[in-house]
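Using our numbering, read the sequence shown as starting at 41 and increasing by one per residue. Glycine included, C-beta positions come from ideal geometry on N, C-alpha and C. Just so you know, these numbers come straight off a predicted model, no measurement behind them. Structure, as structure tokens:
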Amino acid sequence: MADTPIIALVGNPNCGKTTLFNALTGLRQKTGNFPGVTVDRKAGLTRLDKNTDATVVDLPGTYSLYPKSLDEQVVLDVLANPSSKDYPDVVVVVADASNLKRNLLLFSQVADLGFHTILALNMVDVAEAHGLTLDPELLSTRLGVPVVLINAKSAEGLDNLKFTIKGELLEHAERPKPTMQFESVSKDFLEEVKEKFGVNNSYLAMLMAGQAEKLRFLTLEHRSQLQDITQRHSFQHTNFQAKETVDRYALLGKIADAAVRKKDGELKETFTTRLDKILLHPVWGYAVFFGILFLIFQSIFSLAEYPMDWIDTGMASLNEWVKSVLPDGMLTSLLTDGLLAGIGGVVVFIPQIAFLFVFISLLEESGYMARVMVLMDKLMRSVGLNGRSVVPLISSVACAVPAIMGTRTIQSWKDRLITIMVTPLMSCSARLPIFTIMIGLVVPDRTILGVFNLQGFALMALYLLGFVSALLSAWVMKKILKVKERSFFIMEMPVFQLPRLDHVALSVYNAVKAFVLEAGKVIVAISIVLWVLASYGPGDSFEKAEEKVKTENPTLSEQDLSNAISSAQLEASYAGRFGHWIEPVIRPLGYDWKIGIALLTSFAAREVFVGTMSTIYSLGGDDDTNTVKDKMRTEINPETGEPRFTPAVAFSLLIFYVFAMMCISTLATTYRETKSWFYPAVQFAYMTGIAYVAAWLTYQALQ
Numbered sequence: 041m042a043d044t045p046i047i048a049l050v051g052n053p054n055c056g057k058t059t060l061f062n063a064l065t066g067l068r069q070k071t072g073n074f075p076g077v078t079v080d081r082k083a084g085l086t087r088l089d090k091n092t093d094a095t096v097v098d099l100p101g102t103y104s105l106y107p108k109s110l111d112e113q114v115v116l117d118v119l120a121n122p123s124s125k126d127y128p129d130v131v132v133v134v135a136d137a138s139n140l141k142r143n144l145l146l147f148s149q150v151a152d153l154g155f156h157t158i159l160a161l162n163m164v165d166v167a168e169a170h171g172l173t174l175d176p177e178l179l180s181t182r183l184g185v186p187v188v189l190i191n192a193k194s195a196e197g198l199d200n201l202k203f204t205i206k207g208e209l210l211e212h213a214e215r216p217k218p219t220m221q222f223e224s225v226s227k228d229f230l231e232e233v234k235e236k237f238g239v240n241n242s243y244l245a246m247l248m249a250g251q252a253e254k255l256r257f258l259t260l261e262h263r264s265q266l267q268d269i270t271q272r273h274s275f276q277h278t279n280f281q282a283k284e285t286v287d288r289y290a291l292l293g294k295i296a297d298a299a300v301r302k303k304d305g306e307l308k309e310t311f312t313t314r315l316d317k318i319l320l321h322p323v324w325g326y327a328v329f330f331g332i333l334f335l336i337f338q339s340i341f342s343l344a345e346y347p348m349d350w351i352d353t354g355m356a357s358l359n360e361w362v363k364s365v366l367p368d369g370m371l372t373s374l375l376t377d378g379l380l381a382g383i384g385g386v387v388v389f390i391p392q393i394a395f396l397f398v399f400i401s402l403l404e405e406s407g408y409m410a411r412v413m414v415l416m417d418k419l420m421r422s423v424g425l426n427g428r429s430v431v432p433l434i435s436s437v438a439c440a441v442p443a444i445m446g447t448r449t450i451q452s453w454k455d456r457l458i459t460i461m462v463t464p465l466m467s468c469s470a471r472l473p474i475f476t477i478m479i480g481l482v483v484p485d486r487t488i489l490g491v492f493n494l495q496g497f498a499l500m501a502l503y504l505l506g507f508v509s510a511l512l513s514a515w516v517m518k519k520i521l522k523v524k525e526r527s528f529f530i531m532e533m534p535v536f537q538l539p540r541l542d543h544v545a546l547s548v549y550n551a552v553k554a555f556v557l558e559a560g561k562v563i564v565a566i567s568i569v570l571w572v573l574a575s576y577g578p579g580d581s582f583e584k585a586e587e588k589v590k591t592e593n594p595t596l597s598e599q600d601l602s603n604a605i606s607s608a609q610l611e612a613s614y615a616g617r618f619g620h621w622i623e624p625v626i627r628p629l630g631y632d633w634k635i636g637i638a639l640l641t642s643f644a645a646r647e648v649f650v651g652t653m654s655t656i657y658s659l660g661g662d663d664d665t666n667t668v669k670d671k672m673r674t675e676i677n678p679e680t681g682e683p684r685f686t687p688a689v690a691f692s693l694l695i696f697y698v699f700a701m702m703c704i705s706t707l708a709t710t711y712r713e714t715k716s717w718f719y720p721a722v723q724f725a726y727m728t729g730i731a732y733v734a735a736w737l738t739y740q741a742l743q
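Shown next, in the form of structure tokens:
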């Protein structure tokens with residue numbers, strides 16, 4: 041056994057496995073990808089007792105060891121490969137106690153691989169609400185493994201589970217006896233596979249022979265050898281899989297019937313069942329969904345307003361204080377106008393990012409998000425999206441990168457491609473800083489009917505516009521690709537339950553941490569680079585700009601003259617010259633060279649737009665005690681003498697960022713998932729084209 045034993049959590053989708061993982065590991069967890077595949081890998085440490093830590097790996101949800109998608113395949117890759125770094129010492133199979141018969145199929149397959157296996161019966165309270173009683177001792181006796189009752193939401197039974205895991209790690213702990221005896225399979229066939237590949241487990245030998253093409257750790261030579269063995273022994277894997285499944289259900293069904301009894305002869309109608317009649321209703325379901333969305337966007341503005349103002353004002357005050365205590369010079373300018381301005385562009389949006397993920401986490405933890413996916417299924421299929429497209433589209437409200445990776449569960453290539461191509465049209469959290477600051481500039485902060493915030497209405501409208509555009513784009517692509525086959529979406533809906541606040545807090549913490557560390561690093565780096573480009577110019581351009589301002593404005597006060605010189609030098613800098621170079625392209629949209637610079641830098645990450653504007657206006661000579669929003673509000677268009685950010689310009693920018701593909705990470709993910717640069721190029725071209733035309737129409741209509 042390794043110094044730090046590995047505990048794998050395995051289970052059907054929505055059995056509470058990830059909730060258990062969070063309860064066991066808390067903040068001691070890391071995320072990444074499984075080796076060689078873009079599937080999320082979550083691992084963390086748990087303390088079994090005061091002397092023993094263990095690594096817990098949360099494997100993707102699957103119904104059996106016969107995978108139908110890439111994330112399900114990861115489970116087989118790990119459990120069938122003793123050389124995997126995630127190969128477990130103990131496997132905890134998490135099962136939904138209210139639907140035990142179906143969950144036992146996966147359990148029996150895992151146990152037959154010879155692992156030290158524990159059956160963790162989760163959601164026992166739900167089973168009891170359905171009028172069911174369980175006999176864990178009978179289950180343990182009949183299955184030959186420890187059975188533990190837990191409630192992952194409330195952490196009930198976790199100490200008992202840890203104690204049981206510790207017992208399974210002992211050297212003398214017995215492994216489960218095989219659930220099934222496959223008498224129809226040739227013993228010579230099994231022995232040849234086992235001898236050839238050094239395998240001592242008969243069920244593993246059958247899985248390797250039957251699913252050689254899906255086991256990525258096998259070499260081409262090994263696959264060829266397995267194919268030769270299966271042909272010589274006439275092993276028909278499809279027939280074996282069908283018979284195995286039927287035989288397992290027949291055996292396990294008897295065990296489940298003996299261990300699970302109905303209290304009063306028939307199942308009760310639960311609170312979840314009654315509520316689903318409303319939430320899944322073709323009319324009331326949508327009404328509730330849009331009502332919840334409305335409340336979320338109202339809250340994002342009303343709840344986050346005060347902490348955002350405090351942070352914005354605090355960063356402006358910090359910047360001014362640093363300038364007052366440090367001597368004038370390039371180093372002070374780099375620290376204040378470059379570094380602090382960039383940091384300010386990151387931290388000011390932490391409250392809104394946090395509130396957004398609070399609501400998302402509450403919806404997921406409660407079980408409502410699964411209902412949204414089922415509700416939207418019919419609408420998705422009508423425009424050419426696969427029923428499973430609901431999952432990546434909904435999750436892209438947080439970030440398009442994991443959402444695009446989530447399309448791996450879609451089996452049809454055309455359906456998957458359409459989903460990948462339209463997913464970035466859904467407004468992600470990276471757009472939120474742009475939306476909120478531009479809405480704050482031009483949409484009045486007033487309420488309708490004394491309750492509803494007008495700015496919240498505007499934010500919700502932008503998100504809905506992205507959603508509608510994704511559906512319309514999918515419909516067009518369906519016609520272009522001539523998708524004819526019908527698709528279906530099958531999903532296990534969890535019961536409704538009160539969210540665990542510590543899990544919500546953990547989700548928000550991870551989201552804010554990712555925003556600050558990932559997006560923040562990009563924003564700060566670009567802010568510093570931008571400071572360099574804006575603080576220097578070719579030749580003696582800065583000296584000439586200063587002389588020109590002094591000559592043309594001899595009567596200006598000292599402060600006004602300093603501001604005018606700073607603005608002129610910014611325009612003469614490398615950044616300013618580049619901005620002027622692209623200005624003819626963006627002028628029809630109402631943008632000037634400063635906005636052009638922000639558009640280009642935001643291609644690294646959309647949220648960089650605000651940080652860039654903060655840096656540019658810090659270098660422009662305005663009163664540095666102003667906040668970012670104040671600087672943008674007081675910016676004047678020299679050609680008209682009016683504010684730069686008029687409603688026409690602001691709404692043009694908002695519409696541009698609803699549609700524009702301004703994210704290198706998303707394009708890279710599209711390439712990784714499609715294995716071709718053609719599709720990211722098409723994605724960038726059509727989204728940028730739509731963004732440009734829509735922004736131009738908006739500006740022309742409002743100016």
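_Local conformation of threonine 240 per DSSP, three classes_ = Taking the first residue of the sequence shown as position 1, residue 240 is located at position 200. Residue identity differs from the one stated: residue 240 is asparagine in this sequence, not threonine. DSSP places asparagine 240 in coil when its eight states are reduced to three.
*lysine 254 and proline 107 look like a contact to me (Cβ under 8 Å); what is the Cβ gap, rounded to whole Å?*
Residue numbering aside, residue 254 sits at position 214 when the sequence shown is read from its first letter. Residue numbering aside, residue 107 sits at position 67 when the sequence shown is read from its first letter. Indeed, because the Cβ distance is near 6 Å, the residues count as touching under 8 Å.
_Residue environment, glycine 579, which counts as buried when at least 16 other CB atoms sit within 10 Å_ = On the sequence shown, residue 579 is found 539 positions in, with the first residue counted as 1. Exposed, because fewer than 16 other Cβ atoms sit within 10 Å of the Cβ of glycine 579.
*Would you decide whether methionine 163 is buried or exposed? Buried here means 16 or more other CB atoms lie within 10 Å of its CB.*
For the purposes of this step, residue 163 is identified with residue 123 of the sequence shown, where counting begins at 1. With 16 or more other Cβ atoms inside 10 Å of its own Cβ, methionine 163 counts as buried.
*Have a look at isoleucine 46 and isoleucine 205 and give me their C-alpha separation to the nearest angstrom.*
The residue labelled residue 46 in the question sits at position 6 within the sequence shown. The residue labelled residue 205 in the question sits at position 165 within the sequence shown. Straight-line Cα distance between these residues: approximately 10 Å.
_Using 8 Å for Cβ pairs, my map puts asparagine 62 next to histidine 543. What's the rounded Cβ distance?_
Counting from one through the sequence shown, the residue named residue 62 turns up at place 22. Counting from one through the sequence shown, the residue named residue 543 turns up at place 503. The C-beta separation of asparagine 62 from histidine 543 comes to about 5 Å, placing the pair in contact by the 8 Å criterion.
*asked:* DSSP has aspartate 93 in a bridge; who is on the other side?
replied: Counting from 1 along the sequence shown, the entry for residue 93 is found at position 53. Looking at the DSSP assignment, aspartate 93 forms a beta bridge with Arg87.
*Return the residue from the list Ala195, Glu214, Tyr631 and Val648 that minimises the CA-CA distance to valine 771.*
The structure shown does not extend to residue 771, since the chain is modelled only from 41 to 743, so the question has no answer here.
*From Asp268, Trp515, Glu360 and Leu201, residue whose alpha carbon lies closest to that of valine 187*: In the sequence shown, the residue the question calls residue 187 occupies position 147. Looking at the Cα atoms, Leu201 is the closest of the given residues.
*Can you tell which of Val133, Glu611 and Thr463 has its C-alpha closest to the C-alpha of glycine 577?*
Against the sequence shown, residue 577 aligns to sequence position 537. Comparing Cα positions, the closest option is Glu611.
*In the structure shown, what three-state DSSP assignment does phenylalanine 222 receive?*
Against the sequence shown, residue 222 aligns to sequence position 182. Three-state DSSP puts phenylalanine 222 in coil, outside helix and strand.
_For arginine 421, report the span of its alpha helix (DSSP H) as first-last._
By 1-based counting over the sequence shown, the position of residue 421 is 381. Counting along the chain, the alpha helix (DSSP H) containing arginine 421 begins and ends at 408–422.
*C-alpha gap between threonine 312 and aspartate 93, whole angstroms*: Here the question's residue 312 lines up with position 272 in the sequence shown. Here the question's residue 93 lines up with position 53 in the sequence shown. Taking the straight line joining both Cα atoms gives about 38 Å.
*Identify whether aspartate 136 lies in helix, strand or coil by the three-state DSSP scheme.*
To locate residue 136, count along the sequence shown from 1; it is residue 96. Three-state DSSP puts aspartate 136 in a strand.
*State the DSSP-derived secondary structure class of threonine 59, mapped to helix, strand or coil.*
Your numbering for residue 59 matches position 19 in the sequence shown. Looking at threonine 59 - three-state DSSP - the assignment turns out to be helix.
*Does DSSP put histidine 273 in a helix, a strand or coil?*
Locating residue 273 in the sequence shown gives position 233, where the first residue counts as 1. If DSSP states are grouped into helix, strand and coil, histidine 273 belongs with coil.
*Should the region 224–238 be called in touch with the region 256–272, which here means at least 3 C-beta pairs below 8 Å?*
yes
*Look at the Cβ atom of tyrosine 127, then the Cβ atom of valine 118, and state whether they are nearer than 8 Å.*
Walking along the sequence shown from the start, residue 127 turns up at place 87. Walking along the sequence shown from the start, residue 118 turns up at place 78. Cβ atoms of tyrosine 127 and valine 118: closer than 8 Å.
*Give the DSSP-derived three-state secondary structure of glycine 681 in the structure shown.*
Locating residue 681 in the sequence shown gives position 641, counting from the first residue. Glycine 681 falls in the coil class under three-state DSSP.
_Among Pro720, Gly407 and Val482, whose alpha-carbon lies nearest the alpha-carbon of valine 462?_
Within the sequence shown, residue 462 is the residue found at index 422, counting from 1. The candidate whose alpha carbon is nearest that of valine 462 is Pro720.
*Tell me which same chain residues have a C-beta within less than 6 Å of the C-beta of threonine 447, skipping the five on either side of it?*
Along the sequence shown, one-based indexing puts residue 447 at 407. Same-chain partners within the cutoff: Pro432, Arg456, Thr459 and Ile460.
_Quick check on the burial criterion: 16 or more other C-beta atoms within 10 angstroms. Buried or exposed for glycine 630?_
Your numbering for residue 630 matches position 590 in the sequence shown. Flag for glycine 630 reads buried.
_Please report the distance separating the alpha-carbon of leucine 105 from that of aspartate 287._
Your numbering for residue 105 matches position 65 in the sequence shown. Your numbering for residue 287 matches position 247 in the sequence shown. Each residue's Cα considered, the two are about 15 Å apart.
*beta strand (DSSP E) containing alanine 470: first to last residue?*
As a first step, residue 470 must be located in the sequence shown, where it is residue number 430. Neither: alanine 470 is in no beta strand (DSSP E) and is coded neither H nor E.
*Among residues of its own chain, excluding the 5 on either side of arginine 471, which ones have a beta-carbon nearer than 7 Å to its beta-carbon?*
For this step, residue 471 is matched to residue 431 along the sequence shown. Close CB contacts of arginine 471 within its chain, under the 7 Å cut and outside five residues either way in sequence, are with Arg646 and Tyr697 (chain order).
*the region 224–232 touching the region 158–172, judged by at least three CB pairs closer than 8 Å*: no
*Comparing alpha-carbon positions, which option in Leu49, Gly197, Leu403 and Tyr346 lies nearest valine 388?*
Here residue 388 corresponds to residue number 348 of the sequence shown, with the count starting at 1. Per the Cα distances, Tyr346.
_8 Å CB neighbourhood of phenylalanine 397 in its chain, flanking five on each side removed_ = What you label residue 397 is simply residue 357 of the sequence shown in a count that begins at 1. Excluding positions up to five away in sequence, the list reads Ala438, Ser469, Ser547, Val548, Ala551 and Val552.
*Could you check the C-alpha separation between alanine 741 and proline 628 for me, to the nearest Å?*
For the purposes of this step, residue 741 is taken as residue 701 along the sequence shown, with counting starting at 1. For the purposes of this step, residue 628 is taken as residue 588 along the sequence shown, with counting starting at 1. Straight-line Cα distance between these residues: approximately 12 Å.
*What number of angstroms, rounded off, separates the C-alpha of leucine 507 from the C-alpha of methionine 416?*
Against the sequence shown, residue 507 aligns to sequence position 467. Against the sequence shown, residue 416 aligns to sequence position 376. One point to set straight first is that residue 507 is phenylalanine, not leucine, in the sequence displayed. Taking the straight line joining both Cα atoms gives about 12 Å.
*At which residue ranges does the region 150–178 contain complete alpha helix (DSSP H) runs of 4 or more residues, listed in the order of the chain?*
Listed in chain order, they are 164–169.
_Cβ pair count under 8 Å reaching 3, the region 685–693 against the region 708–717_ = no
*Pull up the distance between the alpha-carbon of glutamine 338 and that of leucine 512, whole angstroms please.*
On the sequence shown, position 298 is the one that residue 338 refers to. On the sequence shown, position 472 is the one that residue 512 refers to. Going from the Cα of glutamine 338 to the Cα of leucine 512 covers about 26 Å.
_Same chain only: Cβ atoms within 6 Å of glycine 293, ignoring 5 sequence neighbours per side_ = Taking the sequence shown and counting its residues from 1, the one referred to as residue 293 is at position 253. The beta carbon of glycine 293 lies closer than 6 Å to those of Lys141 in the same chain, with the five residues before and after it left out.
*For valine 130 and alanine 160, believed in contact at Cβ under 8 Å, the rounded distance*: Residue mapping note: residue 160 aligns to position 120 of the sequence shown, counting from 1. Residue mapping note: residue 130 aligns to position 90 of the sequence shown, counting from 1. The pair is not a contact, with the Cβ atoms about 11 Å apart (cut-off 8 Å).
_Beta-ladder partner(s) of glutamate 196, from DSSP_ = Locating residue 196 in the sequence shown gives position 156, where the first residue counts as 1. Answer by DSSP bridge pairing, in chain order: Asn191.
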